[in-house]
Each structure stands twice: as structure tokens, then as C-alpha cells.
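In terms of this note's numbering, the sequence shown opens at residue 1 and continues consecutively.
Glycine included, every Cβ here is placed at the ideal spot set by N, Cα and C.
Step one of this worksheet: look at the structure below.
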Amino acid sequence: MTGLFFSFDGIDGVGKSTQMELFCDWLRDNGHEVVQCRDPGGTQLGEALREIILHQHDMPVCTAAEMLLYMASRAQLVAEVIGPALAAGKTIVSDRFLVSNVAYQGHAGGVDVDAVWAVGAVATDGVHPDLTLVLDMPVERAASRLIGDLDRIESRGVDFLNRVREGFLLEAKRAPDRIAVLDAARDIESIQADIRVVAERVIDARGEARA
Ligand code: ADP
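Rendered as C-alpha cells:
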């Protein structure tokens with residue numbers, strides 16, 4: 001028995017956390033045993049690495065090292081949390097996963113994109129989301145939602161974030177069955193309704209495969 005794995009991705013401010021909470025409530029209402037996690041994080045090692053990656057701004061970290069720190073956190077998350085939960089038939093919902101590294105350090109940061117996927121395959125032991133929900137909207141509008149939340153306003157600038165956004169869109173084009181793009185510049189309920197429609201397809205397909 002293998003559970004289902006969903007991830008939410010996209011730049012900061014697009015509504016990942018907001019949509020993820022509503023989505024998990026819906027899954028639970030529909031009988032899923034849900035395990036929520038965040039990447040980076042979710043384990044003792046992962047939370048320590050998250051602190052370094054996201055908050056130690058005065059520590060020099062080159063892009064390749066940054067990518068590998070994310071990968072180390074993710075490897076531990078898969079080994080300790082995601083793998084066992086999937087094996088127990090639970091439904092995993094992760095705030096970000098490997099495609100975020102591909103978009104940020106790969107497409108936007110200049111690390112070879114195929115290399116990021118390849119290191120990711122080692123880190124995750126091949127475990128990947130059944131469905132990635134990429135929430136998409138213009139960078140400036142996403143940033144304006146974060147006004148006052150200085151901690152989370154990314155310092156790398158609009159050009160960088162536009163390249164991240166394009167990276168997500170390109171990856172979704174390459175794997176439309178596994179990566180869905182949702183217009184996030186709408187009201188919360190409309191976005192959530194669309195998320196449930198695409199997720200339901202994946203859930204139903206799994207049910208039919210088992211029947
Ligand atoms: P993320 O996790 O992607 O960074 P959040 O879910 O934390 O985004 O949302 C960022 C901010 O935008 C929060 O203040 C949230 O309340 C607000 N927000 C989320 N979704 C919407 C929406 N559809 N319309 C307007 N504001 C939103």
C-alpha cells in the first residue's frame with residue numbers, strides 16, 4: 001500500500017500555506033490520514049539546516065552549497081517522514097519539494113538544471129510527489145501580499161524571482177501530468193476549488209488502479 005504525495009510550490013506570497021491548510025482539511029474530511037511537512041525542515045536535521053538556509057544571512061553560502069543543504073534536509077525528510085508515511089498509506093502534503101530547488105538554484109541561480117534533478121534523485125531515493133501544485137502569479141503582486149512580513153520578503157530582487165517563476169512554468173510544461181499550474185491571483189476559494197479538481201483526478205486514478 002502506497003499513500004499519495006502532494007506538494008505546493010511557487011514563489012513566496014502566492015498563498016501556498018493558505019491553500020495547503022484548506023487542502024489538508026478537505027483531505028481529512030474525505031478520510032485521508034494526512035501528514036503535513038515543510039521542505040526544508042520537518043526533522044531535527046532539517047530544521048537545523050532550515051535555520052542556516054533561511055535565517056543566517058551573514059554566513060556566505062554559494063549557490064551550489066545552498067542547493068546541497070536543501071538536498072540534505074530533503075534526504076532526511078524522505079528517510080524519516082515521507083517514506084514511512086507513504087509506506088503506511090498516509091497522504092503527504094509538503095510545503096515545497098525538489099522542484100523549488102530546480103527553479104531557484106537551477107533556472108534562476110545558474111546551477112545546471114539536469115544536475116539539480118540528478119542530485120535530487122539521490123536525495124529522495126526516487127520518491128516524488130504524485131502531484132505538484134504550482135501557485136502562479138506576477139512577482140510584484142505576490143511580494144505586495146507580504147508587505148509587513150519583512151522576514152519573508154526575498155532579497156534577491158524582482159529579476160531573480162521572475163526567473164524562478166519562469167522555471168516553475170517550464171518544469172510544469174515538461175511534466176503536465178505531475179505539475180499543475182494554478183492562477184493564484186484570485187480569491188482564496190476559487191483557487192482552492194481548482195486545486196481540489198486537479199487533486200481529485202489524481203486521487204481517483206489511484207483508486208481505479210487499486211480496484
Ligand atoms: P506563501 O505560503 O506562498 O508564502 P501565504 O499563504 O503565507 O503564502 O500568503 C501570503 C499572504 O497573502 C498572507 O497574508 C495571506 O493571508 C495572503 N493571501 C493568501 N492567499 C490570498 C489570496 N488568494 N488573496 C489575497 N491574499 C491572500
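Apart from sequence neighbours up to five positions away, the residues of its chain that approach alanine 85 with a beta-carbon distance below 7 Å are Gly3, Val35 and Ile92, ordered along the chain. Between leucine 131 and leucine 182, the C-beta spacing is not below 8 Å. Shortest Cα-Cα distance from aspartate 12 to any of Glu140, Pro176 and Ile203 involves Glu140. Distance from glycine 106 to valine 116 at the Cβ level is roughly 4 Å; contact confirmed, criterion being Cβ atoms closer than 8 Å. Note: arginine 38 is bridge-paired with Asp95 in the DSSP secondary-structure output. With a threshold of 7 Å, the Cβ atom of arginine 145 counts as near the ligand ADP, since some heavy atom of the ligand is closer than that.
Counting along the chain, the unbroken alpha helix (DSSP H) around alanine 118 starts and ends at 113–124. For the pair glycine 110 and valine 102, the Cα-to-Cα distance works out to about 10 Å. Between the alpha carbons of lysine 90 and histidine 32 lies a distance of about 7 Å.
Here cysteine 62 is exposed. Its C-beta has fewer than 16 other C-beta atoms within 10 Å. Judged by DSSP in its simplified three-state form, isoleucine 191 adopts helix. Excluding the 5 residues flanking it on each side, arginine 196 has same chain C-beta neighbours closer than 7 Å at Trp26, in chain order.
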